[in-house]
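4 protein chains.
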Amino acid sequence: MADAVRARLAELRRDLHRHPEPGWCEFRTTARLVEELRAIGVDELAVGADAYDPADRMAVPSDDRLDEWYERALDSGTDPDLLEPLRGGTTGCVAVLDRGEGPTVGLRVDIDGLFIEESDDAAHDPAAEGFRSETGETMHACGHDTHMTWGLATLEAVKDSDFSGRLVVFFQPAEEVSGGGAPMAKSEYAAGIDYFFAVHVGLDHPTGEVVAGIEKPLAMCHIDAEIEGTTAHAGKAPEAGANAIHALGTAIESVYGIPRHSDGMTRVNVGRVEGGTASNVIADEVEAVAEARGETTELMEYAKSELRRRFEKAAELHDCEATVDVVSESPRADSDPELVEAVADAAEGVRGVDRVVPTADFGASEDATFLMERVQRDGGLACYSIVGTDHPTSHHTATFDVDERSLETGVEVLTRSILSVAGVESAPELAGENR
Amino acid sequence: MADAVRARLAELRRDLHRHPEPGWCEFRTTARLVEELRAIGVDELAVGADAYDPADRMAVPSDDRLDEWYERALDSGTDPDLLEPLRGGTTGCVAVLDRGEGPTVGLRVDIDGLFIEESDDAAHDPAAEGFRSETGETMHACGHDTHMTWGLATLEAVKDSDFSGRLVVFFQPAEEVSGGGAPMAKSEYAAGIDYFFAVHVGLDHPTGEVVAGIEKPLAMCHIDAEIEGTTAHAGKAPEAGANAIHALGTAIESVYGIPRHSDGMTRVNVGRVEGGTASNVIADEVEAVAEARGETTELMEYAKSELRRRFEKAAELHDCEATVDVVSESPRADSDPELVEAVADAAEGVRGVDRVVPTADFGASEDATFLMERVQRDGGLACYSIVGTDHPTSHHTATFDVDERSLETGVEVLTRSILSVAGVESAPELAGENR
Amino acid sequence: MADAVRARLAELRRDLHRHPEPGWCEFRTTARLVEELRAIGVDELAVGADAYDPADRMAVPSDDRLDEWYERALDSGTDPDLLEPLRGGTTGCVAVLDRGEGPTVGLRVDIDGLFIEESDDAAHDPAAEGFRSETGETMHACGHDTHMTWGLATLEAVKDSDFSGRLVVFFQPAEEVSGGGAPMAKSEYAAGIDYFFAVHVGLDHPTGEVVAGIEKPLAMCHIDAEIEGTTAHAGKAPEAGANAIHALGTAIESVYGIPRHSDGMTRVNVGRVEGGTASNVIADEVEAVAEARGETTELMEYAKSELRRRFEKAAELHDCEATVDVVSESPRADSDPELVEAVADAAEGVRGVDRVVPTADFGASEDATFLMERVQRDGGLACYSIVGTDHPTSHHTATFDVDERSLETGVEVLTRSILSVAGVESAPELAGENR
Amino acid sequence: MADAVRARLAELRRDLHRHPEPGWCEFRTTARLVEELRAIGVDELAVGADAYDPADRMAVPSDDRLDEWYERALDSGTDPDLLEPLRGGTTGCVAVLDRGEGPTVGLRVDIDGLFIEESDDAAHDPAAEGFRSETGETMHACGHDTHMTWGLATLEAVKDSDFSGRLVVFFQPAEEVSGGGAPMAKSEYAAGIDYFFAVHVGLDHPTGEVVAGIEKPLAMCHIDAEIEGTTAHAGKAPEAGANAIHALGTAIESVYGIPRHSDGMTRVNVGRVEGGTASNVIADEVEAVAEARGETTELMEYAKSELRRRFEKAAELHDCEATVDVVSESPRADSDPELVEAVADAAEGVRGVDRVVPTADFGASEDATFLMERVQRDGGLACYSIVGTDHPTSHHTATFDVDERSLETGVEVLTRSILSVAGVESAPELAGENR
């Protein structure tokens with residue numbers, strides 16, 4: 002890869018890094034992607050509601066938050082015409098290359114940031130190099146800036162190759178809240194895919210290491226629970242209340258006591274609670290945010306239904322009422338061995354890759370599994386790969402960063418994998434004359 | 002009482018009603034009181050830190066809140082010279098009449114408002130008559146505007162009478178959070194009081210009814226509890242966390258299970274909880290606001306120490322640590338029968354009073370009990386009276402209001418009671434020639 | 002009272018003390034009472050099912066236990082003809098004196114013992130004097146042996162007096178389990194009573210003290226709860242069970258968290274639990290024994306219904322089912338002041354009585370309240386008195402004992418009270434010439 | 002195998018089946034084994050305390066139970082001289098063949114019964130055929146009668162073969178309570194074993210199926226927990242008690258809430274609870290029986306230490322004290338692949354074996370793992386096999402039974418496996434001329 006290309010990758014990633022936006026609020030981000038895709042030149046470009054059915058979105062934030070980030074994008078000088086179709090949170094896009102006969106290949110990258118205030122420590126490269134987040138409250142602390150860069154550059158590389166067939170690249174919003182995988186998976190663009198690739202940077206794998214295909218991503222669901230009771234004066238009439246905080250206490254105890262399942266691993270957590278007003282008032286409303294996971298989709302469903310039941314019954318026990326909403330969820334889906342092998346083979350030849358791990362347990366959850374499951378159900382093959390990077394601190398921390406050498410590596414691994422399944426030898430310009 | 006006087010009482014009360022301020026933020030309120038007291042002319046006027054030791058204050062809010070309300074007071078056009086000594090939350094004042102030989106008589110009224118947004122319903126008199134709260138978020142929803150009016154007018158009436166002795170009127174901040182009674186009770190102004198009166202409007206007693214002396218106010222304490230644990234990823238390493246939300250659940254269950262006590266009534270409540278960040282994160286910090294009450298100070302202490310112990314042990318059970326702070330508290334103190342009788346006698350002769358109830362259970366808590374206890378410990382007599390008022394809805398609701406006929410009644414009951422213990426016949430001008 | 006009479010009282014009490022029988026198993030006890038009553042000579046003697054409707058009995062033990070104690074009574078040489086009508090647990094009797102015109106007066110004494118193994122310590126009088134319980138497992142540890150003696154001797158004394166009217170003496174079974182008060186109260190013998198007396202020995206009042214009429218016995222109910230779930234192997238299929246022990250844990254936590262009530266005192270307790278089989282088996286059945294009390298019958302009903310609800314809901318939360326049976330209960334009933342005064346007056350004149358307390362709080366529960374309530378509902382007056390005794394250790398302990406001087410005192414207080422309401426001056430022979 | 006031999010196996014198994022004895026009470030059983038071993042003729046026979054250090058025993062029952070079963074054995078006509086060395090619960094034995102040069106091979110069978118009353122249904126073969134348990138309360142409901150038969154017959158077959166080396170057969174007591182594995186594993190007889198075999202019948206594998214080597218037995222521990230508090234009258238002084246039942250409720254809730262572990266599967270269960278006396282008494286003592294398991298010994302240790310901590314802290318929360326005793330435990334140990342292969346090969350040639358499964362997950366726990374772990378630590382190989390049998394109902398049920406065709410199969414599989422590792426071709430007489 003030419004130094005110029007390499008520099009462009011870094012520049013693009015750094016621009017995206019400076020403007021992290023939360024799930025379904027990726028207004029400036031999507032506009033930037035559209036600009037890039039137009040510059041590259043694709044055969045089809047579906048933005049927002051043209052890419053998926055907005056009704057399928059999960060975990061959509063409040064109108065207030067959507068409006069606030071839309072305004073921010075406008076204020077930052079983004080082209081209003083590019084923003085208009087995204088209003089109301091229909092962010093993300095799908096880009097398609099149609100190159101004659103051949104297989105349909107899918108590639109998915111995610112585009113949202115996190116509510117983490119980025120470190121301004123001089124030891125933190127983005128701070129030192131001047132591309133720290135400009136929002137003050139959000140950060141690309143999981144590497145989605147890198148993922149987007151990969152997506153664009155891979156698309157361009159495939160376009161410039163002898164690829165024959167159809168390449169569909171999903172720029173998916175709202176991965177962090179498991180909100181965007183489902184609508185993408187239900188869209189027409191997910192139909193008929195023969196080979197599907199998803200990819201993540203880092204995840205504790207160092208620069209130079211590639212995991213060809215991960216296994217056992219956990220099925221997961223996010224839940225919002227609300228308990229409503231009846232308020233009363235805690236001193237004058239304690240018996241007159243239906244105590245929502247007391248019900249919450251019972252629910253918490255009960256949720257963590259959901260029995261282990263003999264079919265495999267499950268997880269439950271209540272991660273945030275808030276409710277009540279003052280010490281002398283019996284609370285009539287509390288909210289809790291919880292999740293359930295499982296080694297399989299069935300195990301997640303078991304944990305989810307028990308979680309719901311326990312919130313409801315705990316509320317009843319205190320004469321309260323619980324409303325449990327599933328905000329978002331993602332199934333389990335595993336990488337197909339044939340495709341894992343193809344990626345492993347492709348990665349072996351890439352400059353900078355010094356170790357290819359065939360497969361590893363994922364341990365966490367990912368809503369790319371919606372797309373993987375769709376592809377597999379339709380008879381295609383799917384694979385979720387990791388391109389390692391030296392990251393100074395964990396994902397989701399204020400000092401997370403990627404080693405930019407991974408930008409080039411990722412593009413090459415993905416491009417070669419795509420060309421490989423399409424039966425094309427890797428184009429020499431990709432690998433560079435100096436490999 | 003002349004119509005003019007009566008109109009002035011209403012006008013004063015309405016002005017105070019328009020500007021409700023929360024505990025220790027009664028900046029504009031105190032300034033207004035000082036103006037009024039200067040106009041009346043008192044022999045001694047101690048404001049803020051001159052009235053009590055600021056270190057004795059309880060339940061003082063954050064500097065941010067103090068600053069915010071101080072700015073509001075400045076912005077509303079209050080005289081900066083009057084505000085200056087109150088900066089930092091040293092609100093309230095004590096006014097003294099020194100009129101030669103005779104007993105020292107104390108009178109305490111409270112001055113703070115509540116965080117309730119006042120109704121703008123046309124059926125709500127303050128809204129219809131144009132004296133609804135102007136702050137947008139606070140309200141005199143407990144009648145302290147009336148109490149202050151009583152305090153000022155009674156002071157003036159006593160001044161204009163043949164009263165001989167010393168009258169000390171406490172304009173006490175932060176009653177709603179049980180924060181101001183203790184510093185007032187520890188001050189030099191609380192020393193040597195022979196007869197002490199405290200008073201409340203309404204409390205479900207109608208216009209025309211007076212309760213001479215209440216019994217059994219509950220001893221109470223407010224508590225802030227914080228539980229600190231260790232965060233971890235709920236999916237990847239559930240065993241690595243020390244789950245503060247789980248500990249909170251155990252604490253809630255446990256606190257409500259504090260055994261009843263054979264010596265009498267106790268109360269416990271957890272009234273507000275908040276903590277954690279997201280569904281997939283094991284929470285490392287939660288906060289809870291709780292209270293304990295008891296029919297006696299000892300019973301409150303029992304409930305308080307159990308509450309503390311259970312928060313601490315529940316935290317330990319989950320490998321977390323709990324910090325329990327007593328934000329404020331108030332003891333139990335009962336009205337002395339001799340003084341109750343004096344008030345009952347005084348009230349009997351007052352125009353508009355059609356029913357005098359000697360005594361009634363209070364059922365709630367009040368930090369006037371600090372002053373009552375101090376006076377009684379020093380050998381004086383104390384009494385807490387209620388002057389009834391028709392109030393359309395309960396105290397602490399957005400449509401609470403008082404019947405302004407109670408303004409006059411309260412002033413007369415208090416003035417006559419004070420004069421009575423000082424051995425003075427009620428001055429005819431108080432009762433008005435047209436009674 | 003003659004020494005001979007006094008000795009006979011002691012002898013009778015000691016014989017009863019040697020043969021304590023549990024509730025509804027008072028076979029030998031009832032037979033002995035019938036023998037004594039026949040010897041005294043009464044106008045009517047209703048035994049077992051003739052005294053009340055057996056269907057009204059509460060807390061009847063298992064057939065096995067009934068049979069076992071029936072056999073014991075037979076084996077101890079009790080007359081089989083006397084035992085026959087008691088078979089199946091229809092114990093106790095009602096004796097009536099019909100002496101012409103006059104009021105109907107009721108007296109109730111209880112007859113059952115407790116499952117406590119009596120001390121054989123030499124310092125324990127019944128052991129030293131040779132009248133320790135012969136059963137090995139039960140004991141008159143509450144003084145019902147004394148109560149029966151009082152009942153018989155008072156009946157005899159009234160018979161020998163100028164009493165005119167009707168005297169109904171209830172020898173009530175199963176007081177300790179609140180099982181016998183209800184059937185007695187529903188019987189025809191409880192009808193038309195003008196004055197009703199119940200009495201207890203001791204209760205921390207010393208020899209020489211008489212409490213004329215107690216107040217505030219607590220309304221109470223005993224409850225048996227059973228939780229049924231589904232068993233499963235705890236290691237192989239934890240999710241397959243419906244865990245009755247886990248449900249019990251939730252129920253226990255929940256029951257103690259029943260809110261205090263603003264109308265007054267309540268109590269709840271889970272006093273015994275048992276269930277499950279082995280550590281590796283998810284329990285499918287547990288039993289709990291619980292109670293609820295209240296300062297009033299309404300408060301007890303509140304606590305009882307909450308207790309029931311919480312057992313049921315806690316079971317549901319764990320997919321189990323709870324069955325909650327009210328085994329027995331007793332209402333609150335207070336002594337009528339007029340009758341209290343009559344007892345106080347009667348007691349004042351009795352030899353050995355050096356202190357008459359008009360009234361005292363009872364603090365515990367008693368199913369004599371069923372009879373008191375019945376009498377009061379029908380327009381009569383009721384009174385529950387205490388005749389003090391020096392008791393070395395608490396009621397319900399293995400070394401409980403009564404001071405036998407109280408035997409005579411109790412008989413005189415009761416006789417004089419009965420004669421008093423019947424308008425008869427105390428007969429001189431009762432008091433004895435040597436008073 | 003000759004019909005006569007086959008008949009003798011069935012006769013032996015049925016005799017053992019008639020006399021099931023619980024862990025450490027296998028008095029008659031051990032005596033019978035000793036008789037058989039003497040008849041076979043072994044080179045070394047260590048009984049009870051000669052076979053292991055009695056101090057290493059776990060889960061030893063009370064002296065009362067030991068005495069009771071010792072008396073039963075005496076009463077059943079067992080030779081007192083054989084019983085004498087077993088007095089006090091030193092049951093079980095180790096038999097050794099010393100046959101010149103060659104490897105040391107170990108075989109372990111377990112010998113205890115269960116507290117299950119055997120079915121007397123005519124459809125239950127042992128009942129129909131007259132060899133139902135004669136004890137009235139215990140049963141060989143797990144197949145240890147078969148295991149012992151295998152142990153004896155295999156020993157005899159090896160003795161009669163060309164085997165060269167040392168064969169050590171462990172007749173281990175108290176497997177059901179994980180009590181006998183540890184002392185056997187610590188004994189001198191467990192030293193220097195090159196190849197170690199353990200075996201189980203059935204476990205849902207049908208007649209004709211052999212599992213060569215099981216994997217993933219769960220590490221496990223049994224726990225006895227006792228919570229001590231302070232009793233008080235639940236009505237008169239609820240605050241005076243330290244409520245052991247309330248503490249139990251908190252402990253139960255807490256134990257089931259032990260966090261899942263990311264390293265693998267854990268299990269916890271509270272399987273039995275008992276405590277308290279009566280509904281009106283605050284319980285001062287409860288007992289619970291619990292267990293913890295883990296996919297690895299480390300995971301079991303995690304669950305065990307959390308279980309202990311939570312009992313202790315829950316007790317503290319209620320001012321009680323918990324004592325947690327580990328009654329017994331067993332580690333995880335897996336079959337060595339080389340030995341699994343040897344068993345699989347040996348089984349392939351056995352008459353009646355129609356399916357050899359190389360390996361299967363065990364799912365449950367076994368204290369043979371102590372011996373396996375010892376052998377493996379010392380450099381030997383270990384294998385735990387299953388010989389299938391059609392069993393009408395599950396292990397540990399009153400109608401469990403084995404298909405006696407498995408008797409012969411088991412002996413042949415074990416003998417061939419032992420001879421195989423000793424380098425001997427299977428002796429033809431073992432397989433029988435009519436295979």
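Those sequence lines, one after another, are chains H, L, B and A. The working numbering numbers the first residue of the first sequence as 2 and each following residue consecutively. The working numbering numbers the first residue of the second sequence as 2 and each following residue consecutively. The working numbering numbers the first residue of the third sequence as 2 and each following residue consecutively. The working numbering numbers the first residue of the fourth sequence as 2 and each following residue consecutively. Backbone N, C-alpha and C fix where the C-beta goes; we use that ideal spot for every residue, glycine too.
Please report the Cβ distance between residue i and residue j, rounded to the nearest whole angstrom; I am assuming they are in contact, meaning their Cβ atoms lie under 8 Å.
| i | j | result |
| --- | --- | --- |
| Phe-172 (chain B) | Gly-42 (chain B) | Not really, about 16 Å apart at Cβ, beyond 8 Å. |
| Gly-242 (chain H) | Val-344 (chain H) | In fact, because the Cβ distance is near 59 Å, the residues do not count as touching under 8 Å. |
| Val-202 (chain A) | Gly-364 (chain A) | Their Cβ separation, rounded to whole angstroms, is 16 Å, which puts Val-202 (chain A) and Gly-364 (chain A) out of contact at 8 Å. |
| Asp-404 (chain A) | Thr-208 (chain A) | 5 Å |
| Ala-52 (chain L) | Tyr-257 (chain L) | Not quite, the Cβ-Cβ distance comes to about 39 Å (not below 8 Å), so this is no contact. |
| Glu-307 (chain L) | Ile-259 (chain L) | 4 Å |
| Ile-112 (chain H) | Glu-27 (chain H) | 5 Å |
Within the same chain, show all residues whose beta-carbon is closer than 8 Å to that of residue i, passing over the 5 residues directly before and after it, in chain order.
| i | result |
| --- | --- |
| Pro-239 (chain A) | Ala-233 and Ile-283 |
| Pro-338 (chain H) | Gly-214 |
| Thr-398 (chain A) | Ile-117 and Ala-142 |
Cβ closer than 8 Å: which chain B residues qualify as neighbours of residue i?
| i | result |
| --- | --- |
| Thr-267 (chain L) | Arg-261 |
Could you tell me whether the Cβ atoms of residue i and residue j are closer together than 9 Å?
| i | j | result |
| --- | --- | --- |
| His-396 (chain L) | Ala-142 (chain L) | yes |
| Asp-54 (chain L) | Pro-174 (chain L) | no |
| Ala-96 (chain H) | Val-170 (chain H) | yes |
Per DSSP, what are the beta-bridge partners of residue i in this structure?
| i | result |
| --- | --- |
| Tyr-196 (chain L) | L:Val-106 and L:Leu-382 |
| Gln-173 (chain H) | H:Asp-111 |
| Ala-291 (chain L) | L:Ile-224 and L:Val-271 |
| Glu-45 (chain H) | H:Val-97 |
| Met-140 (chain L) | L:Leu-115 |
Can you name, in chain order, every residue of its own chain whose Cβ lies under 6 Å from the Cβ of residue i, other than the five neighbours on each side?
| i | result |
| --- | --- |
| Asn-435 (chain H) | Note that Asn-435 (chain H) scores 33 on pLDDT, short of 50, meaning its location in the model is unreliable; the coordinates nonetheless yield the value given after this. Once the five neighbours on either side are set aside, Asn-435 (chain H) has no close Cβ partner at all. |
| Glu-374 (chain A) | Pro-332 and Ala-334 |
Taking 7 Å as the limit between beta carbons, can you name the residues of its chain near residue i, skipping five residues before and five after?
| i | result |
| --- | --- |
| Val-425 (chain B) | Ser-162, Asp-163 and Phe-164 |
| Thr-390 (chain L) | Val-202, Gly-203, Thr-208, Val-403, Asp-404 and Ser-407 |
Using a cut-off of 8 Å between C-beta atoms, extract the partners of residue i located in chain H.
| i | result |
| --- | --- |
| Ser-306 (chain B) | Result: empty, since nearest Cβ-Cβ is about 11 Å, beyond 8 Å. |
Using a C-beta to C-beta distance shorter than 8 Å, which residues of chain A count as neighbours of residue i?
| i | result |
| --- | --- |
| Gly-258 (chain H) | Glu-254, Tyr-257 and Gly-258 |
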